[in-house]
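In what follows, a single structure is set out as structure tokens and then discussed.
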């Protein structure tokens with residue numbers, strides 16, 4: 037039997053082993069300030085590349101989520117109480133990294149009365165105070181669709197507020213725990229109506245069709261979404 041030839045993998049599929057000066061610097065800052073990142077909590081395969089470029093997506097409100105979305109690797113369970121000192125640690129980390137653009141995200145905190153919106157706003161204000169030239173993207177949960185909580189984020193000063201639709205309408209019940217396709221569209225609509233740049237995205241490869249992807253894009257555009265990732 038002839039030996040099978042090994043198929044060469046494309047360069048974009050290859051992941052570099054975490055190393056390098058910038059990677060180690062980011063790791064040291066994150067560890068020193070006892071922060072969480074979606075990079076590590078979500079086991080993101082792009083972590084080494086991003087950290088090597090001195091960027092990281094910081095995750096606030098702990099590393100335990102109250103939801104259990106099928107696509108996500110973040111832990112699910114009963115979270116610890118919110119850490120009121122976290123905003124200052126995040127702000128100092130952003131300053132030390134020298135970020136021109138900072139991306140913040142969080143776990144879902146359905147256990148908190150405000151869903152964590154208050155600590156979200158405090159974190160954004162703290163970053164702005166220490167790094168006034170840094171722009172901020174806030175990748176937020178749906179806050180159960182409560183307009184008064186989304187409004188807290190709208191008034192926080194973030195230049196971009198993101199909320200991901202994640203998948204097409206048909207697959208949402210199977211893929212997203214508790215979440216609603218229409219509720220996510222309404223969150224985007226709230227952000228857009230307030231005049232803040234809105235952003236959303238969906239994953240592909242879950243069994244959706246081209247037509248369903250286009251429908252999701254149309255739905256987001258109708259809701260006022262300005263930036264879309266696929």
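Numbering (our numbering), first residue to last: 37 to 266.
Each residue gets a CB set at the ideal place from its N, CA and C atoms; glycine is no exception.
Residues of its chain near residue i, where Cβ-Cβ distance is below 6 Å and the 5 sequence neighbours each way are ignored
i	result
residue 164	193
residue 159	96, 123 and 126
residue 217	205 and 208
residue 196	173, 233 and 235
residue 113	100
CB of residue i within 8 Å of CB of residue j, strictly
i	j	result
residue 211	residue 222	no
residue 220	residue 227	no
residue 135	residue 170	yes
residue 99	residue 143	yes
residue 116	residue 140	no
residue 146	residue 102	yes
residue 104	residue 131	no
residue 128	residue 72	no
Beta-carbon proximity list for residue i, same chain, < 7 Å, skipping 5 on both sides
i	result
residue 264	236, 237, 253 and 256
residue 258	none
residue 153	179, 185, 188 and 189
residue 183	226
Classification of residue i by the beta-carbon crowding that lies within 10 angstroms, buried from 16 upward
i	result
residue 37	Annotation note: pLDDT 45 at residue 37 (below 50); position unreliable, no value reported.
residue 137	exposed
residue 185	buried
residue 60	exposed
residue 244	buried
residue 214	exposed
residue 173	buried
residue 177	buried
residue 200	buried
residue 120	exposed
Residues near residue i in its chain [Cβ-Cβ closer than 8 Å; skip 5 each side]
i	result
residue 157	188, 189, 191 and 192
residue 111	77, 99, 100 and 101
residue 240	249 and 266
residue 118	97, 98, 145, 148, 152 and 155
Cβ-Cβ separation, residue j to residue i (assumed contact under 8 Å), whole Å
i	j	result
residue 260	residue 225	6 Å
Identified DSSP bridge partners for residue i
i	result
residue 133	Answer is none; residue 133 lacks a bridge partner.
residue 238	202
residue 21	Since the first residue of the chain shown is 37 and the last is 266, residue 21 is not available in this structure.
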